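Protein chains in written order, with this note's numbering: chain A, 42 to 241; chain B, 30 to 236.
Note sheet for the following structure.
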Amino acid sequence: MQELFNLNNKTLYDIDTTVLITSSFNMTEDAIYFINNKAVVITKDRTNDFYEIPNELYELFEEEDLQNKKELTLIDEIKKKILSSLNSNQKVFVFMNVLTYLDKPFKEKLIRYLKLTNKKMINYTTEIEETLFLDYITVIYDNKVIMEGLKEQVLQEEKILKKLGFHLPFIVELSNGLKYYGLVNKVYFKNEDLVNVLWK
Amino acid sequence: MEVANILENKNQGFIYGLMGNINLTTNYNNYSIITGYRFSGTVKDYLNSNKDISSLKMVMLKEDILNKHASELSIGDLKKISLAKALIENKEYLIFDYFEKEMNAHEKEYFKRLWKRLTNDYHKTIVIFTNDITSFWDIAQELIIVDKYKVINTIPKDKYYDFMDDISKPEIIKFIDLLKAKNIAIDYYQDPKDLLKAIYRLKENTL
């Protein structure tokens, strides 16, 4: 894999990556690094920015209500920030623990849109369920990389993840249990896939 | 209108879930909104209490954070400090603003236990404002749904399942819904271990 970024001994590769962090991790330094290296960075900090968003994007994301809304909530602002940033020509989009605030349909549309437009995605999060979205996981604890690898490999490391305070994603935990009882023979990452194997 | 209006006529000493289209504000002295506010100066200055470190321990922080500036801290730590300040000030109402978003599973479990203690032992009223019911549905006695500070629905704990279509569904419920769509007779569970046992029993009966 080609190296995209190297910051504080973290190497981020040319692959959509979840950076799994603990609550004490201050993302500011990383955000500044990414901005200086021409990535689009989305944080939840509230600003007085004016967001220019084409009508097509509002329609594509089915967020037309946001267009003329006056009193924006935190979640509205995050959505507007994201939609306005999609106009950018930059290749890499970094989300600093903001996807966790969004509803699942919006997240799915966003990931689909970035994949379709060949943009790379880096998602910082404390939410283990979000590790299922992207292909690669880097786990940070106390500012150090504890482990990294393809999603399928990292999510096998239940003991390490639990030591760091994370549960496994629901579907991984359930398929591990079913595997133990001999009802399935591998770990699944999508609800539909596991249901279809259990009851064809 | 503000958050206190939502809680008019509500019992004190309870844990409430709150969801809806609002930005939390309050002018009441007995209310604290727990948020990742980036204050100026050090933690020690902000807390105005360099002797009482018990509140820091209660929010899973160590004493060495006292000399740090807000700019050095993560949003998760700022939220914990905001809670420590509310505990020192002994506010009656603690309103958590998307508090769980920066916490991992271990921390979420810890804070749920703390909230229960604060209501049971100290008669605090806890309000958890979130868009994700899964973080608190086992401890919140009631879920209040608002639109611009107007209460549009109040759902008691034993009715959460009936309103799942109106609120974000936990992964386990989405999974059970898929089974039900295949006409599998299965109950709703909150704990993956209980679901696992139920699936095992169902599969065993079909063998």
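Glycine included, C-beta positions come from ideal geometry on N, C-alpha and C.
Since the structure is predicted, the reported quantities are computational estimates derived from the model, not experimental observations.
### Query
Where does the unbroken beta strand (DSSP E) through Asn-47 of chain A begin, and where does it stop?
44-48 is the span of the beta strand (DSSP E), which, as asked, contains Asn-47 of chain A.
### Message
The beta strand (DSSP E) that contains Pro-199 of chain B, what's its start and end?
### Response
Neither: Pro-199 of chain B is in no beta strand (DSSP E) and is coded neither H nor E.
### Query
Touching or not, the stretch 153-162 of chain B and the stretch 34-47 of chain B, by the rule of three or more beta carbon pairs under 8 Å?
Yes, the stretch 153-162 of chain B is in contact with the stretch 34-47 of chain B.
### Query
Which residues mark the beginning and the end of the alpha helix (DSSP H) in which Tyr-229 of chain B is found?
Annotation for Tyr-229 of chain B: the continuous alpha helix (DSSP H) segment containing it runs 221-235.
### Query
How is the alpha helix (DSSP H) around Glu-171 of chain B delimited, first residue to last?
Per DSSP, Glu-171 of chain B belongs to no alpha helix (DSSP H); it is in the beta strand (DSSP E), 171-176.
### Message
Is there a Cβ of chain A sitting closer than 8 Å to that of His-98 of chain B, yes or no?
### Response
By this cut-off, His-98 of chain B is not an interface position.
### Task
Would you mind giving the Cβ-Cβ distance between Thr-55 of chain B and Ile-62 of chain B, rounded to the nearest angstrom? I have them listed as a contact below 8 Å.
About 6 Å separates the two Cβ atoms, so the contact holds.
### Query
Taking contact to mean at least 3 C-beta pairs separated by less than 8 Å, is the stretch 212-222 of chain A in contact with the stretch 118-137 of chain B?
The stretch 212-222 of chain A vs the stretch 118-137 of chain B: no contact.
### Task
Identify whether Asn-34 of chain B lies in helix, strand or coil by the three-state DSSP scheme.
Three-state DSSP puts Asn-34 of chain B in a helix.
#### Entry: chain A within 8 Å of Glu-31 of chain B, Cβ atoms only
Chain A contact via Cβ: absent.
### Arg-67 of chain B beta carbon less than 8 Å from that of Leu-107 of chain B
A Cβ-Cβ contact shorter than 8 Å links Leu-107 of chain B with Arg-67 of chain B.
### Message
Is there a Cβ of chain A sitting closer than 8 Å to that of Lys-211 of chain B, yes or no?
### Response
At least one CB atom of chain A sits nearer than 8 Å to the CB of Lys-211 of chain B.
### Query
Using a Cβ cut-off of 8 Å, which residues of the stretch 129-155 of chain B contact any Cβ in chain A, in chain order?
Residues passing the 8 Å Cβ filter: Lys-130, Glu-131, Met-132, Asn-133, Ala-134, His-135 and Glu-136.
### Message
Could you give the first and the last residue of the continuous alpha helix (DSSP H) run that contains Lys-241 of chain B?
### Response
This structure gives no information on residue 241 of chain B, because the portion of chain B shown stretches from 30 to 236.
### Cβ-based neighbour list, Phe-192 of chain B, same chain, cut-off 6 Å, excluding 5 preceding and 5 following
Cβ contact annotation for Phe-192 of chain B (same chain, cutoff 6 Å, sequence separation greater than five): Ile-184, in chain order.
#### Entry: Selection of the stretch 48-63 of chain B by Cβ proximity to chain A, strictly under 8 Å
Shown in chain order are the members of the stretch 48-63 of chain B whose Cβ falls below 8 Å from a Cβ of chain A: Asn-50, Ile-51 and Asn-52.
### Residue closest to Lys-141 of chain B, alpha-carbon to alpha-carbon, out of B:Ile-117, B:Asn-119, B:Gln-170 and B:Glu-118
Comparing Cα-Cα distances from Lys-141 of chain B to each of B:Ile-117, B:Asn-119, B:Gln-170 and B:Glu-118, the minimum goes to B:Gln-170.
### Message
Please report the straight-line C-alpha distance between Tyr-229 of chain A and Tyr-60 of chain B, rounded to a whole angstrom.
### Response
If you draw a straight line from the Cα of Tyr-229 of chain A to the Cα of Tyr-60 of chain B, it is about 45 Å long.
### Task
Write down the C-beta distance between Lys-150 of chain A and Leu-140 of chain A rounded to the nearest angstrom, noting that I regard them as a contact closer than 8 Å.
The pair is not a contact, with the Cβ atoms about 12 Å apart (cut-off 8 Å).
### Members of the stretch 178-201 of chain A that neighbour chain B once the beta carbon cut-off is set at 9 Å
Those would be none; no residue qualifies.
### Query
Just how far apart, CA to CA, sit Phe-91 of chain A and Glu-233 of chain A?
Straight-line Cα distance between these residues: approximately 40 Å.
### Query
What do you get for Pro-146 of chain A, buried or exposed, if any count of 16 or more other CB atoms within 10 angstroms of its CB means buried?
Exposed, by the Cβ-count rule.
### Query
What distance in whole Å lies between the Cβ atoms of Lys-211 of chain B and Val-236 of chain A, which are believed to be in contact at a cut-off of 8 Å?
By a beta-carbon distance limit of 8 Å, Val-236 of chain A contacts Lys-211 of chain B. Their separation comes to about 7 Å.
### Task
Mind listing, in chain order, the continuous alpha helix (DSSP H) runs of no fewer than 4 residues lying wholly within the stretch 49-105 of chain A?
Here the runs fully enclosed are 69-77 and 96-101.
### Residue range of the alpha helix (DSSP H) that includes Asp-106 of chain B
That run of the alpha helix (DSSP H) goes 104-118.
### Query
From which residue to which residue does the alpha helix (DSSP H) around Tyr-45 of chain B run?
Not the alpha helix (DSSP H): Tyr-45 of chain B falls in the beta strand (DSSP E), residues 44-50.
### Task
Give me the Cα-Cα distance between Tyr-151 of chain B and Asp-74 of chain B, rounded to the nearest whole angstrom.
Going from the Cα of Tyr-151 of chain B to the Cα of Asp-74 of chain B covers about 26 Å.
### Query
Between A:Asn-130, A:Glu-198 and A:Pro-210, which lies nearest to Thr-158 of chain A when the distance is taken from Cα to Cα?
Per the Cα distances, A:Asn-130.
### Task
Say whether chain A places a C-beta atom closer than 8 Å to the C-beta of Ile-82 of chain B.
Taking Cβ atoms only, chain A never reaches closer than 8 Å to Ile-82 of chain B, which makes this a no.
### Query
Are the C-beta atoms of Phe-165 of chain B and some chain C residue less than 8 Å apart?
Given the protein chain composition of this structure (A and B), no chain C is represented.
### Task
Could you give the DSSP three-state label for Asn-77 of chain B: helix, strand or coil?
Looking at Asn-77 of chain B - three-state DSSP - the assignment turns out to be coil, as it is neither helix nor strand.
### Task
Find the residues of chain A that neighbour Thr-111 of chain B, judging by a C-beta separation of less than 8 Å, and give them in chain order.
First, the amino acid is wrong: residue 111 of chain B is Ser here, not Thr. Per Cβ cutoff of 8 Å: no residues; Ser-111 of chain B is ~13 Å from chain A at best.
#### Entry: Under the three-state DSSP convention, the category Lys-185 of chain A falls into
DSSP places Lys-185 of chain A in the strand class (E or B) of the three-state scheme.
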